[in-house]
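Residue numbers (our numbering): 601 to 954. Even for Gly, the Cβ is constructed at its ideal location relative to N, Cα and C. A quick note: this is a predicted structure, and the numbers were derived from the prediction, not measured. The block underneath contains the structure these notes are about, expressed in structure tokens.
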């Protein structure tokens with residue numbers, strides 16, 4: 601295995617991400633190869649390794665944020681990057697499983713500029729491959745060497761999975777709740793949901809890297825907290841992208857979250873803040889579908905949300921959580937070069953274009 605690259609400048613972040621991908625991908629492919637061939641082919645499609653007709657593709661479907669968090673967290677506590685591979689594989693498999701199932705539940709037809717798995721193969725095969733990816737994640741951790749470490753790692757992943765499911769259940773329940781009034785979704789409820797649905801797995805990734813790298817319990821807990829703050833920042837930026845994102849970046853149409861009438865942080869913050877624009881915004885977001893979701897109406901809604909402070913509120917939320925994530929890294933890391941790269945990774949994750 602080649603040595604980890606020197607990563608003392610931000611310009612080398614892509615090199616570090618590439619290194620993490622090259623380190624973890626062989627083990628990730630080995631895990632996927634344990635699935636039956638027909639299920640494995642769908643799993644390979646979900647990772648961007650092949651087209652729906654079976655043609656191999658170069659690269660993958662994502663940046664590998666979670667696997668990089670695991671590897672860099674291990675390095676930040678002074679361990680070798682190889683120590684985190686099993687954890688990196690596990691969180692990447694869990695992330696892939698969650699995306700496959702989320703797209704089914706949300707009815708999203710596109711993922712990373714391609715058909716979602718369910719759209720390409722059908723709902724039944726997509727559910728099955730998601731289940732298979734989850735099973736492989738647990739199997740990856742079951743193969744770690746130390747019994748004590750294995751038990752702690754399995755407990756961390758189990759807890760993250762429970763939180764992820766609870767977060768997804770909350771998110772689904774928001775769809776049937778009113779936009780305003782005593783039963784409306786609050787900013788705190790939304791933050792709790794995002795912390796579970798997005799933050800738990802990012803926290804698990806960072807914590808697993810530290811755990812498998814032999815860090816003491818308090819450092820593992822701190823890096824888990826760091827990942828959770830990053831997850832909240834990441835979700836806030838996702839919410840901004842869902843309304844104002846460039847389709848070339850998101851792979852989805854502009855105003856997509858408004859078109860689907862999703863209760864995301866920019867919208868919730870405006871509707872629960874008593875804005876004077878609320879009546880007009882409610883008309884444009886009409887849950888009964890009486891107001892057509894035309895480009896003009898969606899653009900008008902986006903402008904109202906921005907003018908009422910929803911965009912600025914969400915940007916500020918992302919900034920706060922990103923700042924806390926950086927503070928934790930500086931407090932607990934012993935390898936300063938790895939800490940710098942880990943900080944740059946958090947910046948990269950939370951400052952995507954919109």
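- In the three-state reduction of the DSSP assignment, residue 860 falls in the coil class.
- As summarised for the segment 742-822, the continuous alpha helix (DSSP H) elements at least 4 residues long and confined to that stretch are 747-774, 787-794 and 800-812, given in chain order.
- Of the candidates 908, 717 and 670, the residue whose Cα lies closest to the Cα of residue 619 is 670.
- Taken through DSSP and simplified to helix, strand or coil, residue 828 comes out as helix.
- Secondary structure at residue 715: strand, using DSSP grouped into helix, strand and coil.
- For residue 634, the secondary structure class from DSSP, reduced to helix, strand or coil, is coil.
- Shown here, residue 952 sits in coil according to DSSP, grouped into three states, outside any helix or strand.
- Around residue 732, the same chain offers 635, 639 and 643 as residues with beta carbons nearer than 7 Å, after the five sequence neighbours per side are excluded.
- Taking C-alpha positions only, residue 704 is separated from residue 719 by approximately 9 Å.
- In the DSSP assignment, residue 682 falls outside any alpha helix (DSSP H), carrying neither H nor E.
- By the Cβ criterion, the segment 919-933 is in contact with the segment 819-837, since at least three pairs of Cβ atoms, one from each stretch, lie closer than 8 Å.
- Secondary structure at residue 650: strand, using DSSP grouped into helix, strand and coil.
- The count of Cβ pairs closer than 8 Å, one atom from the segment 901-911 and one from the segment 812-819, stays below three, leaving the stretches out of contact.
- Scanning 807, 653 and 698 for the CA closest to the CA of residue 769 turns up 698.
- For residue 897, the enclosing alpha helix (DSSP H) has its first and last residue at 895-907.
- Relative to residue 701, the option among 723, 712 and 873 whose CA is nearest is 723.
- For residue 885, no alpha helix (DSSP H) segment is defined, and its DSSP state is neither H nor E.
- Contact annotation: the segment 612-628 touches the segment 938-946, with at least three C-beta pairs closer than 8 Å.
- With contacts defined as CB atoms closer than 8 Å, residue 809 and residue 831 fail to qualify as a contacting pair.
- Under the three-pair Cβ rule at 8 Å, the segment 670-689 counts as touching the segment 620-634.
- In the DSSP assignment, residue 655 falls outside any alpha helix (DSSP H), carrying neither H nor E.
- When the alpha-carbon of residue 767 is set against those of 845, 754, 663 and 790, the nearest one is in 790.
- The Cβ atoms of residue 666 and residue 885 lie no closer than 8 Å to each other.
- CA-CA distance, residue 903 to residue 876, rounds to 14 Å.
- Per DSSP, residue 855 lies in no alpha helix (DSSP H) segment and is marked neither H nor E.
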